[in-house]
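Residue numbers (my numbering): 58 to 278. C-beta: ideal position from N, C-alpha, C; glycine also. The structure displayed is predicted, hence computed values, not measured ones. The structure under discussion appears below in the form of structure tokens.
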């Protein structure tokens, strides 16, 4: 039997360089593994590592609002400036906070919690000492003037307000009237000091000491 003719040899085409237009939109230097086109644009549910989880966004917004307020004052705290500061669009901001008032309420809550923590820390260091509480209150308020004014110029959340004033009640023998008077004294003194209402050359520290001493003496047996 005659031998079968040899099969034709099929040559593979030479490798080609992929044109830039054929590469993925991220323009990687090497061809990408085929992925959905929108993966480079963040539309397939893939989270950008630089983008915080959605559950952290409200906290991020409040932190940015506080920074604006404390660095530039209340006039800078607008929803437009806040959205730009966070790096999101206004519609995205409104998903978390429907208006400026809700942002301010959140900031007031932060200030009240911090005030409570400052007083509780002073109480643990010097139990029953009204002077220690008054000093802690003044120090924290003067350190955050814009936030203090914003917080005390509006109705306060009852639960946070009660927590903040609780150390005063304990230091003043749970006398509600005396505790309210003491808080009014501390708030009035801080407000006058922040607003420059004391006369030039007035010894503000001495005025604080006089008031604190009087309240402390009122609870002695």
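Straight through space, the alpha carbons of residue 161 and residue 262 are spaced by roughly 31 Å.
Within the segment 162 to 223, the runs of alpha helix (DSSP H) at least 4 residues long that lie entirely inside it are, in chain order, 187 to 200 and 202 to 209. Ranked by Cα distance from residue 180, the options 252, 224 and 235 are led by 224. Around residue 171, the same chain offers 197 as residues with beta carbons nearer than 7 Å, after the five sequence neighbours per side are excluded.
Taking the Cα positions, residue 233 is about 34 Å away from residue 157. In the DSSP assignment, residue 149 falls within the unbroken alpha helix (DSSP H) covering 147 to 153.
The alpha-carbon separation between residue 231 and residue 242 amounts to approximately 17 Å.
The straight-line gap separating the alpha-carbon atoms of residue 266 and residue 146 is approximately 50 Å. Note that the C-beta distance between residue 205 and residue 176 is not below 8 Å. The shortest C-alpha to C-alpha distance from residue 126 to any of 210, 142, 212 and 203 is the one to 203. Residue 125: member of the alpha helix (DSSP H) spanning 114 to 129, first to last residue. Contact annotation: residue 165 and residue 211 have beta-carbon atoms nearer than 8 Å. In this structure, the CA atom of residue 235 is about 18 Å from the CA atom of residue 184.
Collapsing the DSSP output to three states places residue 254 in coil. The beta carbons of residue 201 and residue 246 sit no closer together than 8 Å.
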